[in-house]
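Beneath this line is the structure, given in structure tokens, with notes to follow.
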Amino acid sequence: MNENDYLKVSSSSDLIGRDRFLYRILEIMPAFLAWLTLLGLVFLSWLTPVWVAFFIIAFDVYWLLLVLFLGLHLISAYRMLKKNIKINWREKCESLNDWRKIRHLIILPVYNENKDIVRTAIQSLIDDGYPTDKMIVALTFEERAGKEILDSYNEVIEKYQNKFLYFYHTVHPDGIVGEQKGKGANQAWVGRKVKVDIIDKYNINYDDLIVSVFDIDTIVRPGYFYRLTYAFLTVSDRFKVSYQPVPVYNNNLWQAPFFARVAAMSNTFWQMMQQIRAEKLATYSSHSMSWKALVEIDFWSTNMVSEDSRIFWHCFSYYNGNYRVEPLYFPVSMDVVMDRTSLQTMFNLYKQQRRWGWGVENVPYMIFNSIKRWKTMKKSNVISRIFTQIYGFHSWATNALIIGVIGWLPLFLGGESFTTTVLSGNLPMITRSLMTVAMAGLVLSAVISTLLLPKRPKGFSVINYFLMFVQWIILPISIIIFGAIPALEAQTRMALGGKWRLGFWVTPKKR
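For the sequence shown, this note's numbering gives the first residue as 1360, with consecutive numbering after it.
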């Protein structure tokens, strides 16, 4: 295999010999580190409870400082978001000579979502205000959804087929050898089809084409494509850049259960904070990039679960570390997880978080390909990215459990020799005091989430605003049940490999 062949690897099973052994070790590493941390602290809580108590206090201080640090980032990101919403990006684009040459390809993968969800996604492209004669919309359906589902989209196709420069639709065949059932294979299929049937056929300049891949529940805020176009034309080395909006889960926020709202808005806040720290930012969910780069890397991998982030790491490796994400500080609206009952919503939310946690599969991918391309890699950038990813996934799986569960174990496992010490008596008070101060982050989350609320629908009283605020009291529990545990399960499944590996799971869309 040559260097570029390794970029299409999805797991150790795609390799042989020493390469397979190395990749397998890297797949085991995240779970090994997480379980070593958790079980090690449990064991040491019994063996050396004093040292664990000191560690817990130090960790609580670290957590407090982290909350304050991230809180400042959240405030800064919110201010940038509000500022960019107010800017007239059309005027900004019109100040540039080349903006009218830019074309947008918008890829919308569809599985079995309700036709109204598909319709609102397409309508939002028109309502954006950007000239639709500069837009190519590509709907790509899944054959496995069945004829009845596919036929239900005919009404949508007929309504919008003459609204854009080109309106393309295709059906991704089921059962293609080597493909994993999921969004990545679907959008790679339509990408190659559009290249032949439209881009190359009508000689559209690759340098002037931006491709956006949106989850089908994505509703763009008016001005998004002007904002994207302006960023594309003004950043340095624009072909080696992905462009990331902020996902705000407003489509059905008022209707969704409180625990799903908290989990969704927590993710929004994390993405907002990552926009401030652009050197740590990777693509997530709905995003955009240059068509030129996409063709150069030969489109998305067809056997991935976390295709939205893998495309970034693929480009990052292909360009030897000279690839980045440009934060747009501009929102797109998406759906909160919701089903017919609260119990089913809980199950679906857990599965969604576990699938997001499966993004840990990019850690072995990134390290393995960095090793293979080490001589040509931009080393400082690569090393920083590797440590950021390892730290991020390790923290995701362990931090909440350390604070919420393991931090109290010295009191139960330390025995009489520990419980009779002054430290034992002071540990709960110190922990409680530090966590009380850290609650400022929770209050900040409640305030900003309220500021980001969409207009209150009919049938919802003013009391619902109050409930939107107080729901954040469940955050400490939420980050364990819908954060640490699914992340730890995903890492453990990757370590076990084989039948334990996750396939792509489509989050049901209900409004």
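Where is the CB? At the ideal position from N, CA and C, for every residue including glycine.
Put T1955 into one of helix, strand or coil per three-state DSSP.
Missing from the structure shown is residue 1955; the chain here goes from 1360 to 1870 and no further.
So which of A1393, G1541, M1494 has the shortest CA-CA distance to F1863?
Along the sequence shown, read from residue 1 onward, the residue named residue 1863 stands at position 504. Cα-wise, what sits closest to F1863 is G1541.
Name the DSSP bridge partner or partners of R1462?
Here residue 1462 corresponds to residue number 103 of the sequence shown, with the count starting at 1. R1462 is bridged to L1568.
Quick check on P1813: buried or exposed, where buried means 16 or more other Cβ atoms within 10 Å of its Cβ?
Counted from its first residue, the sequence shown places residue 1813 at position 454. Exposed, because fewer than 16 other Cβ atoms sit within 10 Å of the Cβ of P1813.
Consult DSSP for P1769 and reduce its assignment to one of helix, strand or coil.
Locating residue 1769 in the sequence shown gives position 410, where the first residue counts as 1. Of the three classes helix, strand and coil, the one that applies to P1769 here is helix, per DSSP.
Residues in the same chain with beta-carbon distance under 8 Å from Y1824, minus the five sequence neighbours each way, listed in chain order, please.
For this step, residue 1824 is matched to residue 465 along the sequence shown. So the qualifying residues of the chain are T1809, L1812, R1815.
Kindly indicate the opening and closing residues of the beta strand (DSSP E) around M1648.
The sequence position of residue 1648 within the sequence shown is 289, counting from 1. Annotation: the continuous beta strand (DSSP E) that includes M1648 extends over 1646-1649.
What number of angstroms, rounded off, separates the C-alpha of V1536 from the C-alpha of L1826?
By 1-based counting over the sequence shown, the position of residue 1536 is 177. By 1-based counting over the sequence shown, the position of residue 1826 is 467. Cα to Cα, V1536 sits roughly 50 Å from L1826.
Give the range of the beta strand (DSSP E) segment to which Q1603 is assigned.
For this step, residue 1603 is matched to residue 244 along the sequence shown. That run of the beta strand (DSSP E) goes 1600-1607.
Are there 16 or more other CB atoms within 10 angstroms of the CB of N1721, so buried, or fewer, so exposed?
Numbered from 1 along the sequence shown, position 362 holds the residue referred to as residue 1721. Buried.
At the level of alpha carbons, what is the spacing between V1695 and S1645?
For the purposes of this step, residue 1695 is taken as the residue at position 336 of the sequence shown. For the purposes of this step, residue 1645 is taken as the residue at position 286 of the sequence shown. Straight-line Cα distance between these residues: approximately 15 Å.
For the alpha helix (DSSP H) holding R1791, just list the boundary residues, first then last.
Start at 1 with the first residue of the sequence shown, and residue 1791 comes out as number 432. First-last of the alpha helix (DSSP H) with R1791: 1781-1810.
Based on Cα-Cα distance, which residue from L1702, T1499, N1443 lies nearest to I1465?
Locating residue 1465 in the sequence shown gives position 106, counting from the first residue. For I1465, the nearest C-alpha among the options comes from T1499.
As a quick exercise: from V1741, V1691, N1609, pick the residue whose alpha carbon is nearest that of W1672.
In the sequence shown, counting from the first residue as 1, residue 1672 sits at position 313. Measuring from the Cα of W1672, the nearest candidate turns out to be V1741.
Given 8 Å as the limit, is there contact between the stretch 1840-1847 and the stretch 1448-1458, that is, 3 or more CB pairs closer than that?
no
May I ask you to list the residues that DSSP assigns as paired with Y1527?
Along the sequence shown, one-based indexing puts residue 1527 at 168. Y1527 is bridged to A1497.
Which term fits S1804, buried or exposed, when burial requires 16 or more other beta carbons within 10 angstroms of its beta carbon?
As a working mapping, residue 1804 is identified with position 445 in the sequence shown. It is buried - the Cβ of S1804 has at least 16 other Cβ atoms within 10 Å.
Can you give the Cα-Cα distance for K1442 and E1655, rounded to whole angstroms?
Position 83 of the sequence shown, counting from 1, holds the residue named residue 1442. Position 296 of the sequence shown, counting from 1, holds the residue named residue 1655. About 35 Å.
Spatial neighbours of D1487 within its chain, please: C-beta separation below 6 Å, excluding the five flanking residues on both sides.
Taking the sequence shown and counting its residues from 1, the one referred to as residue 1487 is at position 128. Same-chain partners within the cutoff: V1579, P1581, Y1583, F1584.
Quick one: using the 10 Å Cβ neighbour count with 16 as the cut-off for buried, is L1653 buried or exposed?
By 1-based counting over the sequence shown, the position of residue 1653 is 294. Burial call: buried.
Cutting at 6 Å between CB atoms, please list the residues of its own chain near I1807, excluding the five before and the five after it.
Within the sequence shown, the letter at position 448 stands for residue 1807. Excluding sequence neighbours, I1807 sits near Y1437.
Does the Cβ of K1817 have 16 or more other Cβ atoms within 10 Å, making it buried, or fewer, making it exposed?
In the sequence shown, the residue the question calls residue 1817 occupies position 458. The residue in question, K1817, is exposed, as its Cβ has fewer than 16 Cβ neighbours within 10 Å.
Roughly how many angstroms separate the alpha carbons of P1723 and E1386, rounded to a whole number?
Sequence index remark: in the sequence shown, residue 1723 carries index 364 (1-based). Sequence index remark: in the sequence shown, residue 1386 carries index 27 (1-based). Answer to the nearest angstrom: the Cα atoms are 6 Å apart.
On the premise that T1627 lies in contact with V1594, defined as a C-beta separation below 8 Å, what is that separation, rounded to the nearest angstrom?
Along the sequence shown, read from residue 1 onward, the residue named residue 1594 stands at position 235. Along the sequence shown, read from residue 1 onward, the residue named residue 1627 stands at position 268. So it is not a contact: roughly 24 Å between Cβ atoms.
Which residue comes first and which comes last in the beta strand (DSSP E) that contains L1687?
Here residue 1687 refers to the residue found at position 328 of the sequence shown. Its beta strand (DSSP E) spans residues 1683-1692.
DSSP state of P1468, grouped into three classes?
Walking along the sequence shown from the start, residue 1468 turns up at place 109. Reduced to three states, the DSSP call for P1468 is strand.
Enumerate, from N- to C-terminal direction, the unbroken alpha helix (DSSP H) stretches of 4 or more residues contained entirely within the stretch 1535-1582.
1542-1553
Using 8 Å as the threshold, is the stretch 1551-1563 in touch with the stretch 1668-1686, meaning 3 or more CB pairs across them?
Taking a cut-off of 8 Å on C-beta distances, the stretch 1551-1563 does not touch the stretch 1668-1686, as fewer than three cross pairs fall below it.
Do you know whose CA, among M1631, Y1470, A1622, V1691, lies nearest R1586's CA?
Translated into positions along the sequence shown, residue 1586 becomes position 227. If we check each option's Cα against that of R1586, V1691 comes out closest.
Mapping DSSP to helix, strand and coil, what is G1751?
Against the sequence shown, residue 1751 aligns to sequence position 392. DSSP places G1751 in helix when its eight states are reduced to three.
Look at K1651 and F1618 and say whether their C-beta atoms are less than 8 Å apart.
For this step, residue 1651 is matched to residue 292 along the sequence shown. For this step, residue 1618 is matched to residue 259 along the sequence shown. Against a cut-off of 8 Å, the Cβ pair of F1618 and K1651 comes out as no contact.
Does the stretch 1418-1435 come within contact of the stretch 1776-1783, defined as at least 3 CB pairs closer than 8 Å?
no
Could you work out which residue in Q1850, L1708, R1870 is closest to S1837 when comparing CA atoms only?
Residue numbering aside, residue 1837 sits at position 478 when the sequence shown is read from its first letter. The candidate whose alpha carbon is nearest that of S1837 is L1708.
Closest to V1684 by CA distance: which of Q1603, C1452, N1662, W1405 is it?
Taking the first residue of the sequence shown as 1, we reach residue 1684 at position 325. Ranking the options by Cα distance to V1684, first place goes to Q1603.
Do the stretch 1499-1514 and the stretch 1523-1537 meet, that is, are 3 or more Cβ pairs less than 8 Å apart?
yes
Determine the DSSP secondary structure at Y1437, reduced to helix, strand or coil.
For the purposes of this step, residue 1437 is taken as residue 78 along the sequence shown, with counting starting at 1. Helix, per DSSP.
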